[in-house]
Amino acid sequence: MGEKLLVIDEGTTSTRAMLFAPDGTVLGSKSAELKQSYPGPGLVEHDAAEIWTKTLACAQAMVEKAGGADQIAAIGITNQRETLVFWDRTSGEPLAPAIVWQDRRSADICRTLKEAGEEPGVQARTGLLLDPYFSGTKIAWAMRNWPQLREAGDRLALGTIESWLVWKLTQGLHITDATNASRTLLMGLGSGAWSDGLIDLFDAPRDALPEIVDCAGRFGVTKLFGGEIPICGLAGDQQSATIGQACLSKGETKATFGTGAFVLTNAGTSPPTSKNRLLATCLWQLNGRRAYALEGSVFVAGSLIQWLRDSVKLIEKAQETEALARSVEDNGGVYLVPALSGLGAPWWQPEARAAISGLSFSNGKAHIVRAALEAMAHQSHDLKTAFAADGADWATLRVDGGMVTNDWIAQDLADMLDVTVERPAFAETTALGAAMLAGIGCGMFKGLEEAAAMRGKVEMFEPKLGAPARDARLAGWKHAVRSVIE
Ligand code: ADP
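Going by this note's numbering, the sequence shown opens with residue 1, and the numbers climb by one from there.
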């Protein structure tokens, strides 16, 4: 048996297969774009059949690159979370479009349940909130509105994307891992099992649900690549990135700064409870034992730079921002609150709108750009405060995503958060996490600590800014935020 690890990284806009050596070296990568369907306001759908055929083609290319199925020790799968697929167990074909995590069609169902006072109970059991984002209310909507699902009776199967891919790869194994299951609103966060009460609340067809399994193990084999390859690792994308960043101890935190920013803090082995509207979620399940995370998101991160480039035309390229920020001594009193689509934690003001404040004749383009970059650390600081209030303060911050290729931003995060910021040389942390899990599942690594060597070299950014300067900036930021929410 070979010792290469094949990772399937099925994202929202593209699907990808990557081939890893046990030391974390990438041996190959192949990706394909996925069609996004927007059939109406707030509706976002994917074609599950397309996801499968494109994923299969990418995986096939990597098997060939590896020199055949016998060169591959195991497959690891990581996926866009919450997106839901309905299929027919007999034909193995989708029965309806896949409802994507961004889809808002179940907003009315959420509102009705909230008005009925269900949210505190749902949050206590699942760690989640009543929002169309999560799969449970999407199931409720689909069962009410798509008669073919009820008509399918016992033939109906449903699951998140990793569940669908495992079914197709193994031709009939119906499982989901605990990290993906923890995003459905149907799993008890403490028990790791489907909850009958929640199944009733969301009117979910119990017999159509997959079995909840660990994130690593020998789940089944695929025979589609000219030999048998075991499927040994499964995790949702943000959890996979947290594992890929080796946040293995309580307090260790990863933040991905892409279009938006997603932050997960390892919260230890008991389910955390948020009083600040952060999400509690399963970080991994190994040998039946779960680790948990608190999760928070900043809506606008890299999209702010895209907006400055494409709509305001202040810059031509995102990369210019670093030199511009360095060209001035400080922000010159300018603050940018990037509430272009409302403000997230801890403000939770969906109606708030963005502002650039503190401008005077002495300011120019560089100050505005610097204020935009500073907003990343300011928003992260607000999030850190919410995490700390929930008992999960950040010990370190491990960063990835397109924005933190910018050294200035990485250093500013260290300065403003007053923690060491670590940036791995290998940025594909989501795929790496799935490779680590696959390596554990096939027995290549004893556990997460051993697998974490795959992460490789990291660059450290140590806090250098004194407390008075930090406090002054935070005071300016607070003032600016108040002006957009009051
Ligand atoms: P996603 O995975 O969400 O598509 P990426 O992780 O690829 O996002 O990050 C891309 C984002 O990072 C873009 O929004 C872009 O504006 C921003 N970005 C890329 N390079 C820089 C840079 N040097 N400085 C600031 N922002 C950057």
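Where is the CB? At the ideal position from N, CA and C, for every residue including glycine.
Taking the CB atoms as reference points, tell me whether residue i and residue j lie closer together than 8 Å.
i, j, result
"A339", "V213", "no"
"S163", "P132", "no"
"F461", "A377", "no"
"A427", "V421", "no"
"F257", "S297", "no"
"M454", "E3", "no"
"L173", "F86", "no"
"R470", "D418", "yes"
"G502", "G302", "This structure leaves residue 502 out entirely; the chain is present only between 1 and 486."
"A208", "A157", "yes"
"A280", "L165", "no"
"L336", "A371", "yes"
"A293", "A267", "yes"
Does the Cβ of residue i lie closer than 7 Å to at least one heavy atom of the ligand ADP?
i, result
"N331", "no"
"S303", "yes"
"E322", "yes"
"N79", "no"
"T405", "yes"
"G401", "yes"
"G258", "yes"
"Q123", "no"
"Q319", "yes"
"Q171", "no"
"I231", "no"
"I409", "yes"
"Q148", "no"
"Q238", "no"
"Q306", "yes"
Please report the distance separating the alpha-carbon of residue i from that of residue j.
i, j, result
"S14", "L248", "28 Å"
"L304", "A235", "29 Å"
"D70", "G217", "19 Å"
"G342", "G42", "17 Å"
"D88", "W52", "15 Å"
"P22", "A438", "10 Å"
"G220", "A318", "44 Å"
"Q238", "S362", "42 Å"
"R473", "G333", "9 Å"
"I139", "T222", "28 Å"
"F225", "I231", "13 Å"
"V369", "L324", "7 Å"
"E170", "A49", "Glu is not the amino acid found at residue 170; the sequence shown has Thr there. For T170 and A49, the distance between alpha carbons rounds to 15 Å."
"K457", "G433", "15 Å"
"A142", "A74", "34 Å"
"S31", "E329", "42 Å"
"N287", "E33", "35 Å"
"L373", "N331", "10 Å"
"S357", "Q245", "36 Å"
"L448", "L19", "19 Å"
"P424", "E459", "6 Å"
"S191", "G121", "15 Å"
Does residue i come out as helix, strand or coil in the three-state DSSP assignment?
i, result
"Q285", "strand"
"G439", "helix"
"C58", "helix"
"F426", "coil"
"D103", "coil"
"S91", "coil"
"G217", "strand"
"M460", "strand"
"W164", "helix"
"P468", "helix"
"C232", "strand"
"M444", "coil"
"T408", "Inspection of the sequence shows that residue 408 is occupied by Trp rather than by Thr. W408 falls in the helix class under three-state DSSP."
"D310", "helix"
"Q238", "helix"
"A301", "coil"
"Q123", "helix"
"L417", "helix"
"K4", "strand"
"L43", "coil"
"L156", "strand"
"F134", "coil"
Cβ pair count under 8 Å reaching 3, the stretch 382–400 against the stretch 196–208: no
Contact between the stretch 85–99 and the stretch 117–131 (3+ Cβ pairs under 8 Å): no
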